[in-house]
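Colleague: Residue numbers (our numbering), protein chains in the order written: chain A, 25 to 258; chain B, 35 to 160. Quick one: the structure is below, and I'll ask about it shortly.
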Amino acid sequence: MLVTVKILRYNPEKDAQPSYQTFQVEAEETDRVLDLLEKIKGEQDGSLSFRRSCGHGICGSDAMRINGMNRLACKTLVRDVGDQITVEPLLGLPKIKDLIVDMKPFFDHYRRVMPYFISDLPVPEDGRERLQSPEERLRFDDTTKCILCACCTTSCPSFWANDQYYGPAAIVNAHRFIFDSRDTATAERLQILAEEMGVWRCRTAFNCTEACPREIQITKAIAEVKQAILSGKV
Amino acid sequence: MSGQRSVKIKPNYEVIAWKWMRYTAIALIPLAWFHMILQDVLVGVHRIDLNYVQVRWAFWGWRVYDFFLLAFAFAHGVNGLRQVLMDYIHSEKARIWVSWGLLVFWLVISLIGAFAIIGGVRMPSS
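So this is what it looks like as structure tokens:
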């Protein structure tokens, strides 16, 4: 089948504004949008720029807007989006070139919530594992799935309005440690998220939950963090 | 839930404001609905005049009711406006100025309303 791919192009050295360029590509309906982009870059225009790495929905490099929705190009098949495909860079982050955006603001917010294990408890006697029951592990299972692709944060209207908002991805990664029974920095993380640009900027639009390629219940996770701040219980 | 842990969070202005929005919203459901049904349906807006207000405020219970309606509805609305503005104001300094400005605005209008409610109605001598 012949697929029409409309791409929002931008070269900061030549263009004042981004503009659309259309390509025709021969494709199978089981091809991924990433395959189409590779075909265009390899056969029609080598200057087309986009990020990709694993190509299997794990690294989160190729997040972009496909037909108006944030998706991973490597997980989106042609049969899912039809033969008229519009591809744009993620919204809310500065454009660098074509489909590449500057992820620095995103990772700055991520770092702010201390997304790593912290424990001031003594090392277990056997010097090995800090044990946890299956129920305790289940409490934060969903939020361990995040691949930091930024689909959620860049689909959030609050983040579009004000990029100082920490955004869904940072909250999801804070949730992963806040509800971990072995972690002891719970209060510090909740205090950070209780700030003006923390969880209160979430308006429960649910865009993040719909955009997440890992199907994490993001709005629910944010609500759980809000509840933990209000009740002082995790 | 079993194994729940307690953590100590220092409540800040945002936490208090968030709780305030929920509490006032709950209070406003009966207050605003009953006010609307009484004034707009049972009495009718065309029959509300100074004489009606004087009769109504002769009973202190109505003054207390109106004071709560004013306090909750206006504070709820102004804080909602603050939340929306905070989304779009990117300078921290400007956010502080706007927050203080809205607080003064809320206080002045609430005080004027409170004085009116406490003062009651004095009919002009004919």
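Each residue gets a CB set at the ideal place from its N, CA and C atoms; glycine is no exception.
Measure the alpha-carbon distance for Arg116/B versus Ser133/B and round it to whole angstroms.
Modeller: Looking at the two C-alpha atoms, the distance is approximately 7 angstroms.
Colleague: Spatial neighbours of His133/A within its chain, please: C-beta separation below 7 angstroms, excluding the five flanking residues on both sides.
Modeller: Closer than 7 angstroms at the Cβ level, and outside the excluded window around His133/A, lie Tyr190, Gly191, Ala194.
Colleague: Which residues in chain A sit within 7 angstroms of Lys44/B, going by Cβ to Cβ distance?
Modeller: What Lys44/B touches in chain A: Gln215.
Colleague: Within the chosen definition, does the stretch 118 to 134 of chain B reach the stretch 68 to 78 of chain B through at least 3 CB pairs nearer than 8 angstroms?
Modeller: No, they do not touch.
Colleague: For the alpha helix (DSSP H) containing Ala107/B, list its first residue and its last residue.
Modeller: From DSSP, the alpha helix (DSSP H) with Ala107/B extends over 94 to 122.
Colleague: Evaluate the contact criterion for the stretch 157 to 172 of chain A versus the stretch 105 to 112 of chain A: three or more CB pairs, one atom per stretch, below 8 angstroms.
Modeller: No, because fewer than three Cβ pairs between the stretch 157 to 172 of chain A and the stretch 105 to 112 of chain A fall closer than 8 angstroms, the two stretches do not touch.
Colleague: List, in chain order, every chain B residue whose beta-carbon is nearer than 7 angstroms to that of Asn186/A.
Modeller: Per Cβ cutoff of 7 angstroms: Asp121, Tyr122, His124.
Colleague: To the nearest angstrom, how far is the alpha carbon of Glu220/A from that of Phe230/A?
Modeller: Computed Cα separation, rounded: 20 angstroms.
Colleague: Quick one: give me the first and last residue of the beta strand (DSSP E) that Pro93/A is part of.
Modeller: Reading off the sequence shown, one finds Met at residue 93/A, where the question assumed Pro. Element bounds for Met93/A: 93 to 96.
Colleague: Name the residues in the stretch 180 to 212 of chain A whose C-beta lies less than 7 angstroms from a C-beta of chain B; which are they?
Modeller: Those residues of the stretch 180 to 212 of chain A that come within reach of chain B (Cβ to Cβ, closer than 7 angstroms) are Ser182, Ala185, Asn186, Gln188, Ser205, Thr210, Ala211.
Colleague: Taking only three categories from DSSP, how would you classify Glu126/B?
Modeller: Glu126/B: helix per DSSP, three-state reduction.
Colleague: Do Cys175/A and Arg95/A come within 8 angstroms of each other at the CB atom, strictly closer than that value?
Modeller: Closer than 8 angstroms, so yes.
Colleague: Spell out whether any CB of chain B is found under 8 angstroms from the CB atom of Val137/A.
Modeller: By this cut-off, Val137/A is not an interface position.
Colleague: So the candidates are Lys42/B, Gln38/B, Gly37/B; which of them puts its Cα closest to the Cα of Arg213/A?
Modeller: Nearest of Lys42/B, Gln38/B, Gly37/B to Arg213/A, Cα basis: Lys42/B.
Colleague: Does any CB atom of chain B fall closer than 8 angstroms to the CB of Phe142/A?
Modeller: The sequence given here has Ile at residue 142/A, not Phe. Judged by the 8 angstroms Cβ criterion, Ile142/A is not in contact with chain B.
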